[in-house]
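Undergrad:
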Amino acid sequence: MPSPDLRLGVDVGGTNTDAVVLDAEDRLLAKAKVPTTSDVTDGIEGAVGGVVEQVDRGRITHAMFGTTHATNAVLERRGLRRVGVLRLGGPATEAIRPLFGWPADLREAVSAGERIVHGGIEFDGRELSPLDHDAIARFAAEVAGRADAIAIASVFAPVSDEHERAAEEIVRKELGDLPVSLSSQIGSLGLLERENATVLNASLIDVARGVTSAIAGALERNGLRPVTFFAQNDGTLMDLGFAIRFPVLTIGSGPANSIRGGAYLTGRTDALVVDVGGTSTDVGVLVRGFPRESSFGVEIGGIRTNFRMPDLVTIALGGGTIVAEDALGPESVGYRIGQEALVFGGSTPTLTDAGVHAQRFALGDPARLADTALLASAIARSDAMLADAIDRVKTSREPVTLVAVGGGAPLVPEDLPGTSEVLRPDHSDVANAIGAAIASVSGEVDRVFHLGAGGREAAVAEASEEAIERAVSAGAARETVEVVEIDEVPLAYLTDPAVRIRVKAGGPLAWG
Amino acid sequence: MQLDASTLPALARGCAILGAGGGGDTEIGLLASLQAIEDFGPVPLVDLDELDDQSLLMPCGGVGAPTVSIEKIESGDEGGRLRDMVETLWNRPVVALMSAEIGGSNGVIPVVWAARLGLPVVDADGMGRAFPEIPQVTMEIAGISPNPAVMTDERGNVIVFRATDGDWMERMERAAAVEFGGMSWSSEYQLTVEQAKAGAVVNHAVSLAIRLGTVVAEAEHDPVEALAREIHAARLIVGKIVDVERRTTAGFVRGSATIEGLDADAGRTLRLEIQNENLVALEGDRALAMVPDIITVLDSQSANAISTERLRYGQRVTVIAFPCDPIWRTARGLELAGPRHFGYDVDYAPVEDLHALA
Numbered sequence: 001m002p003s004p005d006l007r008l009g010v011d012v013g014g015t016n017t018d019a020v021v022l023d024a025e026d027r028l029l030a031k032a033k034v035p036t037t038s039d040v041t042d043g044i045e046g047a048v049g050g051v052v053e054q055v056d057r058g059r060i061t062h063a064m065f066g067t068t069h070a071t072n073a074v075l076e077r078r079g080l081r082r083v084g085v086l087r088l089g090g091p092a093t094e095a096i097r098p099l100f101g102w103p104a105d106l107r108e109a110v111s112a113g114e115r116i117v118h119g120g121i122e123f124d125g126r127e128l129s130p131l132d133h134d135a136i137a138r139f140a141a142e143v144a145g146r147a148d149a150i151a152i153a154s155v156f157a158p159v160s161d162e163h164e165r166a167a168e169e170i171v172r173k174e175l176g177d178l179p180v181s182l183s184s185q186i187g188s189l190g191l192l193e194r195e196n197a198t199v200l201n202a203s204l205i206d207v208a209r210g211v212t213s214a215i216a217g218a219l220e221r222n223g224l225r226p227v228t229f230f231a232q233n234d235g236t237l238m239d240l241g242f243a244i245r246f247p248v249l250t251i252g253s254g255p256a257n258s259i260r261g262g263a264y265l266t267g268r269t270d271a272l273v274v275d276v277g278g279t280s281t282d283v284g285v286l287v288r289g290f291p292r293e294s295s296f297g298v299e300i301g302g303i304r305t306n307f308r309m310p311d312l313v314t315i316a317l318g319g320g321t322i323v324a325e326d327a328l329g330p331e332s333v334g335y336r337i338g339q340e341a342l343v344f345g346g347s348t349p350t351l352t353d354a355g356v357h358a359q360r361f362a363l364g365d366p367a368r369l370a371d372t373a374l375l376a377s378a379i380a381r382s383d384a385m386l387a388d389a390i391d392r393v394k395t396s397r398e399p400v401t402l403v404a405v406g407g408g409a410p411l412v413p414e415d416l417p418g419t420s421e422v423l424r425p426d427h428s429d430v431a432n433a434i435g436a437a438i439a440s441v442s443g444e445v446d447r448v449f450h451l452g453a454g455g456r457e458a459a460v461a462e463a464s465e466e467a468i469e470r471a472v473s474a475g476a477a478r479e480t481v482e483v484v485e486i487d488e489v490p491l492a493y494l495t496d497p498a499v500r501i502r503v504k505a506g507g508p509l510a511w512g
Numbered sequence: 513m514q515l516d517a518s519t520l521p522a523l524a525r526g527c528a529i530l531g532a533g534g535g536g537d538t539e540i541g542l543l544a545s546l547q548a549i550e551d552f553g554p555v556p557l558v559d560l561d562e563l564d565d566q567s568l569l570m571p572c573g574g575v576g577a578p579t580v581s582i583e584k585i586e587s588g589d590e591g592g593r594l595r596d597m598v599e600t601l602w603n604r605p606v607v608a609l610m611s612a613e614i615g616g617s618n619g620v621i622p623v624v625w626a627a628r629l630g631l632p633v634v635d636a637d638g639m640g641r642a643f644p645e646i647p648q649v650t651m652e653i654a655g656i657s658p659n660p661a662v663m664t665d666e667r668g669n670v671i672v673f674r675a676t677d678g679d680w681m682e683r684m685e686r687a688a689a690v691e692f693g694g695m696s697w698s699s700e701y702q703l704t705v706e707q708a709k710a711g712a713v714v715n716h717a718v719s720l721a722i723r724l725g726t727v728v729a730e731a732e733h734d735p736v737e738a739l740a741r742e743i744h745a746a747r748l749i750v751g752k753i754v755d756v757e758r759r760t761t762a763g764f765v766r767g768s769a770t771i772e773g774l775d776a777d778a779g780r781t782l783r784l785e786i787q788n789e790n791l792v793a794l795e796g797d798r799a800l801a802m803v804p805d806i807i808t809v810l811d812s813q814s815a816n817a818i819s820t821e822r823l824r825y826g827q828r829v830t831v832i833a834f835p836c837d838p839i840w841r842t843a844r845g846l847e848l849a850g851p852r853h854f855g856y857d858v859d860y861a862p863v864e865d866l867h868a869l870a
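Residue numbers (our numbering), protein chains in the order written: chain A, 1 to 512; chain B, 513 to 870.
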C-alpha cells in the first residue's frame with residue numbers, strides 16, 4: 001500500500017459528477033463539476049480529468065468514490081434487473097408475502113415472480129422443513145427467460161446458509177450462469193429486511209457493474225493507479241470489488257458524504273445539513289461531527305431495509321425539478337438541465353429557472369424567463385417544502401444552524417423558519433465529493449466465535465481487535481479507529497456455546 | 513371502529529409502546545395484518561358491551577422468543593386451527609378474538625386471524641402490556657381456568673393441554689414451543705363476555721394502543737415528550753446503547769442492554785435486565801423502575817418503541833417507565849409478575865414513588 005499523498009474524491013450524482021483532490025492536511029487543491037451522463041462513464045471521466053490536470057497526477061495515491069446512482073436507479077426504476085424471488089421457509093412465513101408493501105410499480109419493475117417453498121432453518125440450526133428441491137426447480141423453470149437474476153432468502157440464514165446454498169445449486173442447474181444473491185451474505189437477523197435487501201442487490205448488479213467499470217476506465221485513461229475505495233451506506237469505505245458484489249451496501253452512501261462534507265466545509269459539529277441536488281434534497285443531522293443514524297431500518301424507495309444509515313428526510317425537490325401550473329415536481333429533467341431549463345435555452349420551466357427569477361442563482365439568460373407568476377409561486381412552494389422537511393428532522397423547537405450544500409444550495413432562502421442561520425460555505429457545490437474523500441476506512445470481521453473461559457465479552461473483544469487491525473491494514477490511522485458496529489447471532493445449536501459476531505471498525509486514512 | 517389500513521399503523525405503534533420491549537416485533541404484526549385485510553377485508557373492533565354476555569371470547573397470541581418471530585413469521589392459518597379446536601372443546605362458537613397481551617406484535621396478530629375468520633376483535637386484553645409467561649394474565653388473577661389450552665405451529669401440529677395450574681401450563685407450553693422451533697401460537701383462559709365485564713380483562717386496551725400510536729405519529733415537535741405526557745411516564749435516561757447481550761434459551765430471550773447517558777445524563781449508566789420484556793432498570797445497584805410497571809426503550813427522535821430483539825449498539829434512545837394497570841399492583845398481581853417472581857430480591861416500588869411523572 002503506497003504511503004498516502006493526494007486523495008481523489010468523486011461523487012457520481014443523478015445530475016452532476018463532482019471530483020475533488022485533497023492533500024494530507026485535508027486542503028482542497030482542485031475541484032470539478034460536470035454533468036452526469038446517461039452511461040455515467042463520460043461524466044466520471046470528465047470530472048476526474050478536470051481535477052487531475054490541476055495537480056501533479058502522479059501524487060494521487062488514493063481514490064474514494066460515492067454515488068447515489070444505485071438509489072436513483074431504484075427511485076426511477078431504471079436499469080434494474082428482473083429478479084426471481086425465492087423464499088425458503090414454507091409453510092411458515094406465508095402471512096407476509098415476499099415484496100408485500102413494496103410500491104406496486106417498483107415491484108412490477110423488479111420482480112420476475114415470487115415463491116415461498118418449503119425449507120429454511122430453525123434458530124437452533126435444525127431444519128424448519130425439508131428443502132423442497134422439486135418446487136425450487138419448478139420455480140426456476142417458470143421464471144426462465146423472464147428473470148435476469150435470482151434472490152434467495154432462507155429463514156434463519158444468518159445461523160446456517162445450508163438451504164440457501166443447496167437452493168442456489170438447483171437454480172444454477174436450471175438457469176445456468178444467472179447471477180444469484182444469497183441473503184446470508186447480505187444481512188443479519190430480520191427475514192423481511194434481509195430479503196428486501198437481497199432482492200435489491202440482485203436487481204442492482206448491472207448498475208453496479210456500470211459504475212465500477214466506468215470508474216476503472218476513467219482512472220486508467222487519466223493515467224491514475226490509486227488504491228480505490230467505494231463508500232458504503234454507513235459512510236465508511238470498502239474496496240471496489242466489494243461494491244460490485246454487494247451494490248445494495250453502497251446504495252445510501254450519498255447522504256453520509258454530504259453531511260460529512262458540510263461539517264468539513266463549516267467546521268461545525270452540530271447542525272442540520274441540507275443537500276440540494278438536481279432531482280432530490282436530503283436533510284440530515286450532524287451530531288458531534290457525525291451523521292445522526294436511524295435506530296430503525298431506513299426506507300429506500302419505499303422499501304424497508306435494516307441498513308445502518310444516516311437518519312434523513314428526503315424530498316423530491318432539486319434544481320432540475322419541473323415547474324408546472326399546479327404542481328412542483330416530483331419529475332426532474334435531471335442531467336438534461338443544461339439543455340432543457342428555460343435559462344439555458346430549453347422549453348421546460350424548472351426550479352433552477354424559478355431560482356434565477358428570484359435572483360438566488362445567476363445562471364444562463366434571465367431574459368428567457370416569460371411566465372414570472374408561475375416561477376414566483378414555484379419558489380414559494382419550494383421554500384415551504386424545505387421548511388417542512390427541516391421541521392421534520394429537528395428534534396426541538398430551538399432554531400438551529402443550517403448548512404446548505406449541493407449544486408442546488410442557492411435555492412435555500414436566507415431566512416427559513418426554524419433556523420437561526422443559513423451557512424453557505426465556499427465549495428459547498430462539491431461537499432459530497434469532499435465527504436467521500438475524508439470518509440473513514442473500515443475493516444470488518446464476520447465469523448463464528450466459540451465462547452471460551454472469557455465468555456461472550458472476550459469473544460466480542462477479540463472480534464473488535466481483529467476488525468480494528470483490518471481497518472488499520474486497509475489504511476486507517478490506528479489511534480483514530482473506532483468500533484462502529486457490533487452485531488451478534490447466538491448459535492444455540494452447537495454443543496459448545498458459540499456466537500456469530502460481526503464487528504466493523506473505521507477511522508480516517510493514516511498519513512505517512 | 514374498523515381495524516383497517518388507516519388504524520393499524522397507529523395500533524402497531526401503540527402496541528410496541530405498551531409492550532415493554534416484548535410481545536414480538538410489531539412491524540411483523542402490522543405487515544401481516546395489512547396483508548390479511550387486503551386479502552379478506554377489515555376487522556371490526558367491538559366493545560364488550562356490544563356482545564352477548566354468555567358468548568365465548570378466545571384470547572390468543574404467540575408464545576416463544578421474539579428473536580425467532582422476526583425470522584420465522586407465521587403462516588396465517590394458526591388462528592383458524594386454534595379457533596376450530598377451541599370451538600370443538602367448548603362445543604360452542606367463538607364470537608370474537610382477544611389479544612392475550614396487547615404489547616408488541618401479539619396486540620396485532622389477532623387481527624390477522626380475525627380477518628381470515630370473519631370475526632371481530634374485542635377492545636380488551638389480558639395484560640395491558642406484555643409479559644413473558646402464560647399465567648401472567650388478568651384472567652389468572654380473576655380465577656379463570658387456563659384450561660383447555662390449545663397450541664399450534666406453522667406446520668399444522670395441534671396440542672391440547674390440560675394443566676393443574678397456570679405454572680404447569682407455562683412449563684408444558686414452553687417445552688412444546690421450544691420443540692416447535694422457539695415460536696408457537698396458542699389460546700388459554702377462554703372466557704365469557706360476562707366474566708370479562710366483571711373485571712377479568714383490561715378493558716379498552718386496543719383503543720388505548722391506537723390512541724398512543726396516534727399521539728406519537730401526530731406529535732409536532734417532540735414525540736417523546738408528547739408520549740410521556742399522555743401516559744404520565746418518567747424518563748429514566750437519555751443516551752446511547754453501548755452493549756446488548758441476548759441469548760435465546762428455553763423458549764425465552766434473556767440478557768441485558770447497557771445505555772450510557774448523553775447530554776444532561778452524561779456520566780450515567782443504566783442497565784436493562786431482559787426476559788423477553790424489559791424487567792428491571794438498574795443504575796448501579798439501585799432499581800429505577802421494575803415489573804410490573806412498564807419500561808420501554810424509545811428511539812429518541814421518533815419515540816417509536818424499540819423491541820428487545822431490535823436493540824443494537826449505537827442506537828440513540830430514551831428509556832421511559834410508566835404505571836401498569838392497577839390489577840398488577842394487588843398482592844396476587846405482584847406474586848404473579850412482581851420483581852420477586854423474576855428472581856430480583858427487591859420489594860416492588862411503584863414508578864410514581866421513585867420519580868416525578870410527566
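The C-beta atom is built at its ideal place from N, Cα and C for all residues, glycine as well.
For clarity, every value in this text was computed on a predicted model and none was experimentally measured.
For A/D239, name the three-state secondary structure that DSSP assigns.
TA: Your numbering for residue 239 of chain A matches position 239 in the first sequence. Residue state, collapsed to three classes: strand.
Undergrad: With contact counted as at least three CB pairs below 8 Å, one residue from each stretch, are the region 602 to 620 of chain B and the region 740 to 748 of chain B in contact?
TA: Because the criterion of three Cβ pairs below 8 Å is not met, the region 602 to 620 of chain B and the region 740 to 748 of chain B do not touch.
Undergrad: In three-state terms, what does DSSP make of B/K709?
TA: Along the second sequence, read from residue 1 onward, the residue named residue 709 of chain B stands at position 197. Of the three classes helix, strand and coil, the one that applies to B/K709 here is helix, per DSSP.
Undergrad: Suppose you measure from the CA of B/G855 to the CA of B/A799; what does that come to, to the nearest Å?
TA: The residue labelled residue 855 of chain B in the question sits at position 343 within the second sequence. The residue labelled residue 799 of chain B in the question sits at position 287 within the second sequence. Their backbone Cα atoms lie some 14 Å apart in a straight line.
Undergrad: Of all the CB atoms in chain A, is at least one closer than 8 Å to the CB of B/R593?
TA: For the purposes of this step, residue 593 of chain B is taken as the residue at position 81 of the second sequence. No, B/R593 lies away from the interface with chain A (no Cβ there is under 8 Å from its Cβ).
Undergrad: Does the beta carbon of A/E195 sit closer than 8 Å to a beta carbon anywhere in chain B?
TA: Taking the first residue of the first sequence as position 1, residue 195 of chain A is located at position 195. Closer than 8 Å: no.
Undergrad: Closest to A/G241 by CA distance: which of A/R360, A/P490, A/V356, A/A216 is it?
TA: Taking the first sequence and counting its residues from 1, the one referred to as residue 241 of chain A is at position 241. With distances taken between Cα atoms, A/G241 lies closest to A/A216.
Undergrad: Would you call B/R595 buried or exposed, if buried means 16 or more other Cβ atoms sit within 10 Å of its Cβ?
TA: Position 83 of the second sequence, counted from the start, is the residue given in the question as residue 595 of chain B. Classification of B/R595: buried, given that the 10 Å Cβ count is 16 or more.
Undergrad: Using a Cβ cut-off of 9 Å, which residues of the region 420 to 449 of chain A contact any Cβ in chain B, in chain order?
TA: Per Cβ criterion, the list is empty.
Undergrad: Run through DSSP, which three-state label would B/H744 get?
TA: The sequence position of residue 744 of chain B within the second sequence is 232, counting from 1. Correct three-state label for B/H744: coil.
Undergrad: Between the C-alpha atoms of A/L494 and B/G751, what's the straight-line distance to the nearest angstrom?
TA: Taking the first residue of the first sequence as 1, we reach residue 494 of chain A at position 494. Taking the first residue of the second sequence as 1, we reach residue 751 of chain B at position 239. With a pLDDT of 49 at A/L494, under the threshold of 50, the modelled position of this residue cannot be trusted; read the value that follows with caution. If I take the Cα positions, the gap works out to 35 Å.
Undergrad: When Cβ atoms are compared, which residues of the region 137 to 158 of chain A fall closer than 7 Å to chain B?
TA: Listed by position along the chain: V155, F156.
Undergrad: Please compile the residues from chain A whose C-beta is within a distance smaller than 9 Å of the C-beta of B/G694.
TA: Taking the first residue of the second sequence as 1, we reach residue 694 of chain B at position 182. Ordered by position in chain A, the residues that pass the 9 Å Cβ test against B/G694 are E122, F123, D124, A492.
Undergrad: DSSP state of A/N257, grouped into three classes?
TA: Working through the first sequence from its first residue, we reach residue 257 of chain A at position 257. Three-state result, A/N257: helix.
Undergrad: If contact means a Cβ-Cβ distance below 7 Å, which residues of the region 616 to 642 of chain B contact chain A?
TA: Result list: V624.
Undergrad: So is B/E583 in contact with chain A if we call contact Cβ pairs under 8 Å?
TA: Residue mapping note: residue 583 of chain B aligns to position 71 of the second sequence, counting from 1. Closer than 8 Å: yes.
Undergrad: Is the beta carbon of B/E666 less than 8 Å from the beta carbon of B/E590?
TA: Numbered from its first residue, the second sequence carries residue 666 of chain B at position 154. Numbered from its first residue, the second sequence carries residue 590 of chain B at position 78. Yes. Within cutoff.
Undergrad: Please classify A/S154 as buried or exposed, where buried requires at least 16 neighbouring CB atoms within 10 angstroms.
TA: Mapped onto the first sequence, residue 154 of chain A falls at position 154. Classification of A/S154: buried, given that the 10 Å Cβ count is 16 or more.
Undergrad: Count the other C-beta atoms from every protein chain shown that fall within 10 angstroms of the C-beta of A/P158, then say buried if there are 16 or more, exposed otherwise.
TA: Stepping through the first sequence from its first residue, residue 158 of chain A is reached at position 158. That one is buried.
Undergrad: Pairing CB atoms from the region 407 to 416 of chain A with CB atoms from the region 351 to 370 of chain A, are three or more of them under 8 Å?
TA: Contact holds: three or more Cβ-Cβ distances are below 8 Å.
Undergrad: Hey, is A/I186's beta-carbon within less than 8 Å of any beta-carbon in chain B?
TA: The residue labelled residue 186 of chain A in the question sits at position 186 within the first sequence. With 8 Å as the cut-off, A/I186 does not count as an interface residue toward chain B.
Undergrad: Hey, B/L530 and B/V623 are a contact pair by Cβ (cut 8 Å); roughly how many whole angstroms apart?
TA: Sequence index remark: in the second sequence, residue 530 of chain B carries index 18 (1-based). Sequence index remark: in the second sequence, residue 623 of chain B carries index 111 (1-based). The Cβ separation is near 15 Å, so there is no contact.
Undergrad: Chain A partners of B/Y825, CB-CB under 7 Å?
TA: Here residue 825 of chain B corresponds to residue number 313 of the second sequence, with the count starting at 1. The contacting residues are E485, I486.
Undergrad: So what does B/W697 bridge to, in DSSP terms?
TA: Residue numbering aside, residue 697 of chain B sits at position 185 when the second sequence is read from its first letter. Answer by DSSP bridge pairing, in chain order: B/G574, B/T664.
Undergrad: Could you tell me if A/R78 is buried or exposed, where buried requires 16 or more neighbouring beta carbons within 10 angstroms of its beta carbon?
TA: Position 78 of the first sequence, counted from the first residue, corresponds to residue 78 of chain A. Exposed, because fewer than 16 other Cβ atoms sit within 10 Å of the Cβ of A/R78.
Undergrad: What is the C-beta distance between A/V273 and A/I259, in whole angstroms, given that I count them as a contact (C-beta under 8 Å)?
TA: Residue mapping note: residue 273 of chain A aligns to position 273 of the first sequence, counting from 1. Residue mapping note: residue 259 of chain A aligns to position 259 of the first sequence, counting from 1. Contact holds; Cβ gap of about 5 Å.
Undergrad: Specify, as a first and last residue, the run of the beta strand (DSSP E) that B/R766 falls within.
TA: To locate residue 766 of chain B, count along the second sequence from 1; it is residue 254. Start and end: 764 to 773.
Undergrad: Report, in whole angstroms, the separation of the C-beta atoms of B/S819 and B/P578, which I expect to be a contact under 8 Å.
TA: The residue labelled residue 819 of chain B in the question sits at position 307 within the second sequence. The residue labelled residue 578 of chain B in the question sits at position 66 within the second sequence. With 8 Å as the limit, B/S819 and B/P578 qualify as a contact, their Cβ atoms being about 6 Å apart.
Undergrad: Quick one: which chain A residues come within Cβ less than 9 Å of B/S587?
TA: One-based indexing of the second sequence puts residue 587 of chain B at position 75. Residues of chain A passing the Cβ test: G90, P91, A92, T93, E94, A95.
Undergrad: Determine which residues of the region 807 to 819 of chain B have a Cβ less than 8 Å from any Cβ of chain A, and write them out in chain order.
TA: Of all residues in the region 807 to 819 of chain B, D811, S812, Q813, S814, N816, I818 have a Cβ within less than 8 Å of some Cβ in chain A.
Undergrad: If you count every other CB in all the chains shown that lies within 10 Å of the CB of A/T372, and 16 or more means buried, which is it?
TA: What you label residue 372 of chain A is simply residue 372 of the first sequence in a count that begins at 1. Its Cβ having fewer than 16 others within 10 Å, A/T372 is exposed.
Undergrad: Is the CB of B/L904 under 8 Å away from at least one CB in chain A?
TA: Since the first and last residues shown for chain B are 513 and 870, residue 904 of chain B lies out of range.
Undergrad: Starting from A/G99, find everything on chain B with Cβ-Cβ shorter than 9 Å and list it in chain order.
TA: Your numbering for residue 99 of chain A matches position 99 in the first sequence. One detail in the question is off: residue 99 of chain A reads as Leu in this sequence, not Gly. Simply none; closest approach about 11 Å.
Undergrad: Sorted by chain position, which residues of the same chain lie with C-beta nearer than 7 Å to B/E599's C-beta, five sequence neighbours on each side aside?
TA: Counting from 1 along the second sequence, the entry for residue 599 of chain B is found at position 87. Same-chain partners within the cutoff: P605, V606.
Undergrad: Buried or exposed for B/Q813, please, with buried defined as at least 16 other CB atoms from any protein chain shown within 10 angstroms of its CB.
TA: Along the second sequence, one-based indexing puts residue 813 of chain B at 301. Counting Cβ neighbours within 10 Å, B/Q813 comes out buried, since at least 16 surround it.
Undergrad: Could you pull the DSSP bridge partners for A/A32 from this structure?
TA: In the first sequence, the residue the question calls residue 32 of chain A occupies position 32. According to DSSP, A/A32 bridges with A/A19.
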